[in-house]
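So the sequence lines, in the order shown, correspond to chains A and B. Numbering of the first sequence is given in the working numbering, commencing with residue -5 and proceeding in unit increments. Numbering of the second sequence is given in the working numbering, commencing with residue -18 and proceeding in unit increments. Taking it in order: structure first as structure tokens, then the write-up.
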Amino acid sequence: MKFTYITGDTPLDGYTIKRGLGRGGFGEVYFAVSDVGKEVALKKVDFMDADRGDNLVLNIRHPHLVQLFDIKHDDQQSESWIIMEYMSGKSLRDVLTQQPDGLTSNEASAWFFAIASGVHRLHLNGFVHRDLKPGNIFQSEGDVKVGDYGLSKLISHSQRNNHTRAIGTCRYMAPEIGKGNYGNQIDIYALGIMLFELLTGDIPFDGESDAEILTKHLTEAPDLTKVPLEYQTAIRKALEKDADKRYQNVVDMMLDVPEPNYELVPGFNRASLPKEYYAGIRSTTPTSVTPDQALPVQPVPTQPVPAQPVKNRQIPTLDIVPVIEPTPVPRQGTPTKKPEYIPPNTRHRKPPTWIDVAKGELAKKDKSQRLSELTSSMIRAVVGTGAATTLLFAVFLQTLSNKTLSSVESTQWFIWLMSVMLLSSWAVLILGKFWESSDTEDGPKRVVMFAVGAGLGALHLAIGNFLQLDFHDLHSGVSYWPWVMEHWKFAAGESPALAHYAVFTGLLFAICRWWNHATPVRTSQYDLMGAFMFALVAWFLPVAPQPLMPGVTALTLIVIQFSAPNFTSQQRKEFEAIATGWWQNG
Amino acid sequence: MNTTWKKRPRTVSNSTRVLAGPPNNSSSNSRYFFRTNKKIMKAVSDRFLMWIDAVGGYLVSLNDQVVLGQARPGTQVDIPLVADIAGRHARIVRQKEEGDYVLEPLADVAIQNQTIQSPTLLHHGDLITLGSAQLQFTKPHPLSPSARLDLVGNTRTNPFVDGILLMSESLIIGSNMANHVVYHGEEHQIVLFQQGEQLCCQSDYPVELDGVVEQSTGELFYGSQIRSDRISLSLEDTT
Chain A
-5 MKFTYITGDT PLDGYTIKRG LGRGGFGEVY FAVSDVGKEV ALKKVDFMDA
45 DRGDNLVLNI RHPHLVQLFD IKHDDQQSES WIIMEYMSGK SLRDVLTQQP
95 DGLTSNEASA WFFAIASGVH RLHLNGFVHR DLKPGNIFQS EGDVKVGDYG
145 LSKLISHSQR NNHTRAIGTC RYMAPEIGKG NYGNQIDIYA LGIMLFELLT
195 GDIPFDGESD AEILTKHLTE APDLTKVPLE YQTAIRKALE KDADKRYQNV
245 VDMMLDVPEP NYELVPGFNR ASLPKEYYAG IRSTTPTSVT PDQALPVQPV
295 PTQPVPAQPV KNRQIPTLDI VPVIEPTPVP RQGTPTKKPE YIPPNTRHRK
345 PPTWIDVAKG ELAKKDKSQR LSELTSSMIR AVVGTGAATT LLFAVFLQTL
395 SNKTLSSVES TQWFIWLMSV MLLSSWAVLI LGKFWESSDT EDGPKRVVMF
445 AVGAGLGALH LAIGNFLQLD FHDLHSGVSY WPWVMEHWKF AAGESPALAH
495 YAVFTGLLFA ICRWWNHATP VRTSQYDLMG AFMFALVAWF LPVAPQPLMP
545 GVTALTLIVI QFSAPNFTSQ QRKEFEAIAT GWWQNG
Chain B
-18 MNTTWKKRPR TVSNSTRVLA GPPNNSSSNS RYFFRTNKKI MKAVSDRFLM
32 WIDAVGGYLV SLNDQVVLGQ ARPGTQVDIP LVADIAGRHA RIVRQKEEGD
82 YVLEPLADVA IQNQTIQSPT LLHHGDLITL GSAQLQFTKP HPLSPSARLD
132 LVGNTRTNPF VDGILLMSES LIIGSNMANH VVYHGEEHQI VLFQQGEQLC
182 CQSDYPVELD GVVEQSTGEL FYGSQIRSDR ISLSLEDTT
């Protein structure tokens, strides 16, 4: 593990670094000693804005929460330092690594009760931890404390997109995190996973990849056969897929977990449990109350927990309260559009890519914006078509023609080619604009394209007839499929049959995915390989006049690519980062 | 031990390292000097602190005798404990020939909860109780006489470290459970050893030693740094 600072460095005035401790969710953590000898842990955070008013988390004090002392900024280095309590012992991650088969039930309970008490305090103060995992639980001189809480609130968006964040966290992530609407229940879920891991040494949902683990979180029921019987109820209820079916507060869960016998866990200090827990114990087991105690207690226990969390109440997490700036992540974008997060097909099980983010971004545009974009690309298409037709005319037309064209004939052909290319590219641009943010499958798009293509074909032919064009001038009759040519045969002075022409043009539009070249969501502005493939299709489907039409097709595609706007590589990178952020942080 | 990599000629000769008193401003200028290899570094004497990133901090004593006592300002004890104990509470002596360790009580001392009155031989795994402080004695490596004292319960030293190493000729840092300092990670072993008056290190994987890259052996001083992509440690004076 590499660390930026070494023994003896003083990146933060007043503190001398002794050694690196590890890498937490947000950055490097060091053991440091202040000038007067106070031992602290320093967490280096690249960028943070603690002046936003939501630094209330700094002042939470609880015996089972790692205390945060202060936050200092270094403007020159654009670093921030979180100064916090140094926990000299092992993290729960280390303990579980050393005991791969799990702890005894008493040890597990001792860890769990301390962690749960700390998490309960966070919830009482209105915070969701959001990143509970064994690596965030520390032990020091017999005390168990929960760390890294509330930091996600303090750390800015740009930092959250950092890839180092939250690696492996999805093992403890509740299913509803993907929906972006969650509350205290995600911490209950993580507590359930951790209790399972404490008892068995294994996590209930494991897999090769994040995607596999996440799928299991979404669909699979936990296998509790290895868990001691008296813990199964608590874990099963904490790991419910539906947040509403889970425990609604930590104390309810603690009441279902056997209390540890601290005599049997030497080295553990007795956890300081929330008073609501004791109230709950009294109300659930009234038999254990002695008669003289019973009288004053009896009227109270109707409501064991005063802070009854409202379902889906607005917990101010960073996603819901964007304080610095409007969040760049379109929450209403495609991946969260589905009301059910349970994947209906494999397509949605895939992690979101930049394309999903980009589509979400496109969906945010309003009608007038789209219209102006479409207009400008159609104007570009006119320019592009002019250039392309001139090129085609100059290079090919004279060599391909069966006879020397007169100036009138040349003009006719020029007009016809230009109108064919312009109308085709306009049609594709208009349809592409409609489809750029939609999630429609290719099938329906092809049907629409066939209809549009057939219409265009009829129109092309009509224009040709109107111009009194002799298709035979440029039609060589050389084609891949001779039998098609039988149908295509037309003598000099004739034109191809309207039905044939329309169907074949329609097929050309349906077989090739033209719309993929008109959307801003494409990896590069020009795709010459695509143009070549389209030309090939136009050659296989001999749309008259051959072999001019393949060239026209390829050039039309290039005109479309020239006209349609495209996301820059910079934007793509940003979308990619956001997509990774979605995937890792929910 | 794998030594197949090509050893680069050392870019720094021993003569550039003058063994003299500590630099006046070691902390602020240390990195600059590492880069130019002109740092005047103090030879390691009987005690030093070893900080290993992501592993722990260790108090290393090279003496054959160490005195354990209460951490007080200006105390002379080798292992200062922050505990309710005497100023000089016990002495651990290494028998040079056998490599065994003997605990001499200077105040109330118990081994495995048995109070001892006279010097007693320590065994691997013994729990030593000095007043309110408890330490566990281990000799992890069968071939090395170096031993390790772990702090039990709330016992702590001043300056704070995670363990005390009683170093004889050599000290092995690696991923094997029989090493004196165990870290969890890729296989990589660094051996510290004494050569005459000098403390040296040997690594089975190229490391950066005091700013000189691709080193496998080298001398160590106060303030020395060993860095690789697998482990990084540095030595510090105890004062």
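Don't be surprised by glycine CBs; every beta carbon is placed ideally from N, CA and C.
Between Glu435 (chain A) and Leu356 (chain A), the beta carbon gap of about 18 Å keeps them out of contact (Cβ cut-off 8 Å). The stretch 111 to 122 of chain A makes contact with the stretch 56 to 67 of chain A: 3 or more CB pairs, one atom from each, lie closer than 8 Å. The alpha-carbon of Gln93 (chain A) is positioned some 42 Å away from that of Gly55 (chain B). Scanning the stretch 163 to 245 of chain A for uninterrupted alpha helix (DSSP H) segments of 4 residues or longer gives 179 to 194, 204 to 213 and 223 to 232, listed from N- to C-terminal end. Using a 10 angstroms sphere on the CB of Ala445 (chain A), the tally of other CB atoms stays under 16, which defines it as exposed.
The three-state secondary structure of Arg75 (chain B), taken from DSSP, is strand. Proximity of chain A to Gln206 (chain B) at the Cβ level (cut-off 7 Å) is accounted for by Ile0, in chain order. For the 8 Å CB-CB criterion, Glu22 (chain A) and Ser82 (chain A) do not form a contact. Taking a 10 Å sphere around the C-beta of His104 (chain B), we find fewer than 16 other C-beta atoms and assign the residue as exposed. Between Phe20 (chain A) and Thr499 (chain A), the alpha-carbon positions lie close to 57 Å from each other. Secondary structure at Asp45 (chain B): coil, using DSSP grouped into helix, strand and coil. Residue-level contact by beta carbon fails for Gly96 (chain A) and chain B, as no gap is shorter than 8 Å.
For chain B, the residues of the stretch 4 to 16 of chain A that bring a beta carbon within less than 8 Å of one of its beta carbons are Thr4, Thr10, Lys12, Arg13, Gly14, Leu15 and Gly16, in chain order. For Asp34 (chain B), the chain A residues whose Cβ falls inside 7 Å of its Cβ are Met(-5), Phe(-3), Arg13 and Gly14, in order along the chain. Among the residues facing chain B, Gly426 (chain A) is not included, as its CB has no counterpart in that chain under 8 Å away. About 6 Å separates the Cβ atoms of Leu417 (chain A) and Leu450 (chain A), confirming a contact at the 8 Å cut-off.
Within 8 Å of the CB of Phe118 (chain B), no CB atom of chain A is found; the nearest one sits about 19 Å away.
Taking 8 Å as the Cβ-Cβ cut-off, the stretch 254 to 265 of chain A approaches chain B at Gly261, given in chain order. Bridge pairing for Ser184 (chain B): B:Ile171 [DSSP]. When B:Ile66, B:Leu147 and B:Asn157 are compared, the shortest CA-CA separation from Asp131 (chain B) is found for B:Leu147.
The beta-carbon of Glu135 (chain A) is placed less than 8 Å from the nearest beta-carbon of chain B. Annotated as proximal: Ala159 (chain B) and Pro121 (chain B), with beta-carbon spacing under 8 Å.
Under the DSSP definition of a beta bridge, Val193 (chain B) partners with B:Leu190. Contact check between the stretch 136 to 145 of chain B and the stretch 175 to 188 of chain B: fewer than three CB pairs, one atom from each, fall below 8 Å, which does not count as touching. Look at Leu84 (chain B) here: in three-state DSSP terms it is strand. A straight line joining the alpha-carbon of Leu190 (chain B) with that of Ser127 (chain B) spans about 24 Å. In this structure, DSSP gives Thr434 (chain A) a state outside helix and strand, which the three-state scheme calls coil. At a beta-carbon threshold of 8 Å, none of the residues of chain B lie near Glu191 (chain A); the nearest stands roughly 18 Å away.
Membership of Ile207 (chain B) in the beta strand (DSSP E) is indicated by the continuous run Gln206 to Arg208.
For Arg87 (chain A) and Lys127 (chain A), the gap between their C-alpha atoms comes out near 8 Å. Neighbours of Glu101 (chain A) across chain B, judged by C-beta separation under 9 Å, do not exist; the nearest C-beta is about 16 Å away. A direct Cα-to-Cα measurement between Leu461 (chain A) and Ile409 (chain A) gives close to 9 Å. Bounds of any beta strand (DSSP E) do not take in Thr379 (chain A); it lies within the alpha helix (DSSP H) bounded by Lys361 to Leu386.
Between the C-alpha atoms of Glu234 (chain A) and Gln226 (chain A) there is a straight-line separation of about 12 Å. With respect to chain B, the C-beta atom of Glu33 (chain A) has a partner C-beta closer than 8 Å. Between Gly80 (chain B) and Ser149 (chain B), the gap from beta carbon to beta carbon is short of 8 Å.
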